[in-house]
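For what it's worth, UniProt numbering labels the leading residue of the sequence shown as 1, then goes sequentially. Each residue gets a CB set at the ideal place from its N, CA and C atoms; glycine is no exception. On a predicted model such as this, the values are computed, not experimentally measured, just so you know. Notes for the one structure printed next.
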Amino acid sequence: MSLAAEAFVSQMAGKIPFIHVGNQVVSELGPIVQFTKAKLYIQWCDDATAAEISRPRYSSPYSWPLSNILAYQKQWEVRRKMNAVGPTELDALVFGHLFTILTTRLTSTELAEKIKSYSNLLSFCRRIEQTYFEDKSSS
1 MSLAAEAFVS QMAGKIPFIH VGNQVVSELG PIVQFTKAKL YIQWCDDATA AEISRPRYSS
61 PYSWPLSNIL AYQKQWEVRR KMNAVGPTEL DALVFGHLFT ILTTRLTSTE LAEKIKSYSN
121 LLSFCRRIEQ TYFEDKSSS
């Protein structure tokens, strides 16, 4: 066994199951599930990726119009499941960092101003805050 193979086996010892993706290894069930969710999100919920890569790849074995119908059906199904799941650990991590930067008085506002230049990040923070943190009983 090569030195690299031995290092890989010893590193993975006790961490089964695992998947090998490109040059990365993801081990244990929780991280594999999160990796799979992130992959599905990028493939089907990002409009540009879905239009340019995922739908054409998914529909390629089928003839028109079935190819378009099945590709859009798959995209709708994944989006529906992603919305039903609710926020992920990644959503919580990103929200926590962004919200802290946006709402904490810091010595420099440079980072907060940079974040404010991205409307999608601000919308993300507003949506999470309104959905999970605002007191709906006082309205």
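Here DSSP, grouped into helix, strand and coil, assigns S67 to helix. In this structure, the straight-line span from the alpha carbon of N23 to that of D135 is close to 45 Å.
Exclusion of the five residues before and after C125 leaves F95, L98, F99, L102 as the residues of its chain whose Cβ lies within less than 7 Å of its Cβ. Counting along the chain, S119 sits inside no beta strand (DSSP E); it lies in the alpha helix (DSSP H) bounded by residues 119-132. Closest in C-alpha terms to T131, from the list W76, A92, L70, D47, comes A92.
Excluding sequence positions up to five before and after E89, its CB lies within less than 7 Å of the CB of Q34, all in the same chain and listed in chain order.
Residue burial is scored here from C-beta neighbours: S119 has fewer than 16 other C-beta atoms within 10 angstroms and is therefore classed as exposed. With fewer than 16 neighbouring CB atoms inside 10 Å of its own CB, Q73 falls in the exposed class. DSSP places S59 in the helix class (H, G or I) of the three-state scheme. Around the beta-carbon of R57, fewer than 16 other beta-carbon atoms lie within 10 Å, marking it exposed. Per DSSP, the unbroken beta strand (DSSP E) holding S27 starts and ends at 24-27.
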